[in-house]
């Protein structure tokens, strides 16, 4: 009889964890959307600044082979912001995938315990 009580407790605990994981997934997906938007905005800002810098350097008659490197150097701060936004997005996405995997494992354990 004592063993049955432990199984009930484990099922309750696991269901609570599944519920909490679901809440974290919902909150995380909302954050992921804003991170994706930020990533797109920083990409747009970098590309726009880079193209304007290339045009400026051409007008200044800078040697054509040097223009790409100089332009990227002059817009490096925006490139850094772009890369950082991408890293944050990917990190959040990976975290959500880990929560989903944990939730799947809990659901499997829960199904097993319910069949005991």
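Residue numbers (the numbering used here): 259 to 374.
Glycine residues also receive a C-beta, built at the ideal position from the N, C-alpha and C atoms.
Taking C-alpha atoms, which residue in the options lies nearest to residue i?
| i | options | result |
| --- | --- | --- |
| residue 326 | 338, 336, 343, 313 | 313 |
| residue 307 | 275, 332, 290, 287 | 332 |
| residue 359 | 290, 272, 316, 279 | 279 |
| residue 330 | 366, 286, 309 | 309 |
| residue 286 | 295, 357, 366, 367 | 357 |
For residue i, count neighbouring Cβ atoms within 10 angstroms of its own Cβ and tell me buried if that reaches 16, exposed if not.
| i | result |
| --- | --- |
| residue 374 | exposed |
| residue 349 | exposed |
| residue 334 | exposed |
| residue 288 | exposed |
| residue 340 | buried |
| residue 342 | exposed |
| residue 364 | buried |
| residue 311 | buried |
Taking the alpha-carbon positions, what's the residue i to residue j distance?
| i | j | result |
| --- | --- | --- |
| residue 270 | residue 362 | 16 Å |
| residue 260 | residue 276 | In this prediction, residue 260 scores a pLDDT of 49, lower than 50, which makes its location untrustworthy; the coordinate-derived value is nonetheless stated afterwards. Approximately 25 Å, taken between the alpha carbons. |
| residue 338 | residue 355 | 26 Å |
| residue 268 | residue 284 | 24 Å |
| residue 347 | residue 297 | 7 Å |
| residue 344 | residue 323 | 29 Å |
| residue 372 | residue 299 | 48 Å |
| residue 292 | residue 352 | 15 Å |
| residue 305 | residue 273 | 47 Å |
| residue 316 | residue 301 | 23 Å |
| residue 303 | residue 321 | 25 Å |
| residue 370 | residue 282 | 24 Å |
| residue 294 | residue 328 | 29 Å |
Which residue marks the beginning of the alpha helix (DSSP H) containing residue i, and which one marks its end?
| i | result |
| --- | --- |
| residue 332 | 325-332 |
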